[in-house]
Structure formats: C-alpha cells, structure tokens
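All remarks here apply to the structure that follows.
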Amino acid sequence: MTISRRKLLAASAALPLAVSLAQAASNVSITVDPRRSLGRVSPDYMGLGYEISSVALPGLLSATNQAYVRLVRNLGSHGVIRIGGNTSDFASYAPRGPAVSAPKATVVDDANLKDLRGFLDATGWKLIWGLNLGDERQENLIAEARAVADLMGDRLLALEIGNEPDLFTRSGHRQGLYDYAAWLAQYRRYKAAIRAVLPRAPFAGPDLAGASDWMTQFARDEGQDIALLTAHHYITGQASPSATLDTMLGEEKKYQAALSQFQAASETANRPWRMCETASYSGGGKQGVSDTFAAALWALDYLLVLAGHGCAGVNMETGVNHLGWISHYTPISDDLHGHYGAAPEYYGLLAFAQLARGEMLGVACQATGLDLTAYALRPEAGELCLFLVNKDRTQDAAAELAGLDGMVHGRTMRLTGPSLEAQDGVLLGGAMVLENGTWSGAKSVPVAVANGRARIHVSAGSAALLWFTA
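Its first residue numbered 575, the sequence shown is counted upward by one per residue in the working numbering.
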C-alpha cells in the first residue's frame, strides 16, 4: 500500500508529542480501587450508527467492500450497527426497488438488505434497525420489519419505531401536541401490528433526542417487553458559537444528570441502555473541530464516561448524514467514490477497542490544573488496564499510579497526533491505519511496576493505554 509523502511527514511530526519527556510536567496522582466496581463493559459495546440512506448506497455496507469490513472489524469482533437517523422517518421499503439514497426519499430494497446481512456476517456485528414512524404508513412499516427480521435472523438485536420522536413536532412529522403519551400509544399500536406477523420481534426505544424523562417512563411502561433502552446525544449543534474544540474537550457537567437518569431507568427495568446515536456536534459536526485529533481524544474519553454510567454500548454516527454529505465527525472517511480511511476520530475508537472489556473499576485522579482523566478496567483476574487521556493543550503529566497490587509486568501504547487541530498524522502505537483498512506494526513499550506502583509520562494532547499483569 502506497502512503503519501504528506501522511508520512504528518506521522513523523506526531512522534515528538509522545516522547517529549524533557518538557516540564505537572504531577498527577492516580489510584485504582479494585474493590469498587462501576459495572462491566460488554464485548459488543462498540458500535457505529448510519442513516438509512447509507444502506441504499451501492456496495457500501457489503461483504465485498473489503477495506470497509476491515475498518469495522478493527474495532472489535463483536459490535452493533444501528440503522436509522432522521432519514429513516422519510424512508420506504420496496422489495424489488429500485434503491434510492436521498435525505427525504430513501428507498431500501431486498438487495440492499441482503448486502447488509453479508456485511454483518463478515464483521461479526449485530443490528438495530429503525422503522419509519414519520409518515404513518403502517403497512409499509410492517413489510419492512418483516423483511429485515427474515433476512437478518439472529443478527437482529432490536427494531426501533421512530427516530427521536420527542422532536416530532419540531421536525414536522406531527402537528399540535405530541408528547410521550401520544407516541407511546402509536408505538404500542405499531408494535402489536408487527408482532401479529413476527411474534418474537425484539424492540428498543424510546430512541429519544433530549427528553430524558421519556427514558424513565418508557422503562416503566415497556421495560418488560424490550431488548434495550435507547437514547441519542450531541454536545450541541454545529452552528452554535460554543461548538469549539475547547468545548468538545471540556467536561459535560450538564449531561451527567441525564446519564444518571438513564442508568437508573436501566436498573429499574433490568434492561441495558445504549447510546445508539451520538457524535460531537449535530448537523454533521463542525469542520476544523469534529475532524481533528482532538476528536480522537474526545471519543476515547466519552466512551469511557458512558461506560461509567452503566451504558451497554455506543453507536458513533458514521458516513453520510441526514443532509446527504459525509459528516465532519465520521470516524470512517468516505469520498463517495469507493475510497475509505481512518479519520482522526477513528483512532479514539481503535484505542478504546484495545483495552475496553471486563469490569470497570473506580479510580481516584488528582490532577489539579490539568485536563487529564483516568479510567481502569479488569478484563479478568490477574489483569488490569488503564486509560490516561491528557486533553490539556500545554501541560504534560508526570503520573504516579497506585493500586496495582499483585501486578508484576506493565506496558503502554500511545495515542498521538501532531497537534489537537491536526487532521493528518494520527498514530496509535506509532502506526497509522492504511487505506486498505489494515493496522499493523503498533508498538507498546515496557512500564516498570514495583510494590503496586508505576510511573508514566503523558504528553500534552495525547493518551496512554496501559496493561498490567500479575
């Protein structure tokens, strides 16, 4: 595979960021508490989300698209594809087509669905499929649900009825009052109609955009008859003045209450909850922000924040958006001419995929004046994994790790970029993802462990992944 001179130079420029050990660093104290469990990270935690219009793009989600299959499999041998988005409430199903990919006129046919099934088999991933509630064409919805269930078989995790129904009056799908009760009545009517032809059809919801109380109510009303609870989240809209790099990297304190509410609803219903559509800034993301190395650090940190709130999985929005163009936040780049690659954000997902499995543990992190976060997981007995994400622009971290009792061996891998604003030259383990979807040659280096302690330097604007074994 040929790599452009520009990418080689950008990659070389990233190296000093990871090894600038001579730079003055702030002291950080990180202590793992192996007795405090925050829940488990499931094998299918990783996910990607697509507008339904992507399904109608010839050859995209197909087993024959080998580079794209590799890019997805790099993120895990298990995962979840979610098909939905705003376009799903304008879409229709026609068994013999012709297929059409358009923001408000997508048509999906059986050939598209067969390709998608092959893609799921090639990646090993499962599927959440969103049905059109926007135009209230019940017969078409039932036919689509039946075709999806028949073709996907055990790859189908759940069906959703309506995309972001809490915004239906804003999106023009409904007039007048359309609250939770009105949606629930329609949901139940459509669910009953689908179950009449698919008695074992699994469902998920409420697929909310922002009305977090819908999650609590839906868990109470339908919690015993669903596969999982679902929600969406974006920091803010891409047109907002606050849609900046610094906002993206900052702590989202306002959203923590909603995450706690989702976790409580999940526990009450004894059903998992999934963030089935999410990205940095809605409306396709912010150019020069959502498509930078900073987005890789944001994504890595964000996935771990959600895991700490009991989230069972996250679907990062990918590819063509509801306006018909490739979003700035997409982790997988696509020129719409059959060329794909790893966008900066992809490396954050790839870093997460290297360690994130097993039991999440409590961590005390003292990093006064430094924008650094720390997370710990225990994949199995005798193993401990840590993520240290230094989102600070200027300050390196000299981190002392404690709570590593019983650990004897350690190693680390770095996530680096030339700068937070960089759109090229991102590396994980000193290696880039090639244009054919392969990632190889990634390096980890030893970390000394003694008496349950270790030290590591984490450069400004970078992340360190650490493995410790007994």
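Built from N, CA and C at the ideal position, the CB exists for glycine as well.
If you're wondering where the values come from, they're calculated on a predicted model, not measured in any experiment.
Among the candidates the options, whose CA atom is the shortest distance from the CA of residue i?
i	options	result
A976	D970, G984, L715	G984
L715	C959, P669, P780	P669
V654	V1007, E891, L951, T866	E891
A831	G784, T866, D945	G784
H1031	T986, G999, S834	T986
H911	Q928, W872, F926, G893	G893
R794	V1019, D728, R845	R845
T680	G882, H896, L612, L946	H896
N648	Q928, G999, A973, N964	Q928
E957	G882, D979, D970, A801	D979
K688	Q861, E826, A637, W703	A637
A930	A838, I800, G887	G887
E974	I604, A598, A599	I604
G1003	E1009, G1011, L758, K1017	K1017
N737	V1021, P773, G623	G623
H902	L690, A817, L877	A817
L877	D865, G857, E851	E851
Using the rule of at least 16 other Cβ atoms within 10 Å of the residue's Cβ for burial, across every protein chain shown, is residue i buried or exposed?
i	result
G659	buried
D683	buried
A592	For A592, the pLDDT reaches just 39, beneath the cut-off of 50, and the residue's location in the model is therefore unreliable, although a value from the coordinates is still provided. Looking at its Cβ environment, which holds 16 or more other Cβ atoms inside 10 Å, A592 is buried.
Q798	exposed
N1025	exposed
K828	exposed
S627	buried
K965	buried
M789	buried
R988	buried
G750	exposed
N706	buried
L595	Since pLDDT at L595 reaches only 41, below the 50 mark, its modelled position is unreliable, and the value read off the structure follows with that caveat. It is exposed - the Cβ of L595 has fewer than 16 other Cβ atoms within 10 Å.
Q812	buried
P815	exposed
N639	buried
G727	exposed
D709	exposed
A673	buried
H913	exposed
W847	buried
Under the three-state reduction of DSSP, which class applies to residue i: helix, strand or coil?
i	result
Q940	strand
N964	strand
L583	For L583, the predicted structure reports a pLDDT of 42, less than 50, and the residue's modelled location is therefore unreliable. The matter cannot be settled from this model.
Y949	strand
P739	helix
L758	helix
R748	coil
A588	For A588, the predicted model reports a pLDDT of 45, less than 50, meaning its position is unreliable and no value from the coordinates is stated.
What are the boundary residues of the beta strand (DSSP E) that residue i is part of?
i	result
D875	Premise fails: D875 lies in the alpha helix (DSSP H), 867-881, not in any beta strand (DSSP E).
V1032	1028-1032
E851	847-856
P918	Not the beta strand (DSSP E): P918 falls in the alpha helix (DSSP H), residues 918-929.
A1037	1036-1043
A976	970-976
M987	983-990
S1003	Looking at the sequence itself, residue 1003 is Gly, so the reference to Ser does not match. Looking at the DSSP string, G1003 is not in any beta strand (DSSP E), and its letter there is neither H nor E.
G912	That residue, G912, is in no beta strand (DSSP E); it is neither H nor E in DSSP.
What first and last residue would you give for the alpha helix (DSSP H) that runs through residue i?
i	result
T821	819-823
E625	Not the alpha helix (DSSP H): E625 falls in the beta strand (DSSP E), residues 620-625.
S834	830-843
T743	742-745
V1088	A query on residue 1088 cannot be resolved here, the shown segment of the chain reaching from 575 to 1044 and no further.
| said: Quick check for students: name the residue ranges of the alpha helix (DSSP H) that lie wholly in the stretch 629-710, counting only runs of 4 or more. | reply: Fully enclosed alpha helix (DSSP H) runs of no fewer than 4 residues occupy 640-647, 684-697 of the stretch 629-710, in order along the chain.
| field | Every unbroken alpha helix (DSSP H) inside the stretch 762-814 [4 residues or more] | value | 787-796
| In chain order, each beta strand (DSSP E) run of at least 3 residues that lies wholly inside the stretch 885-910 | 885-891, 906-908
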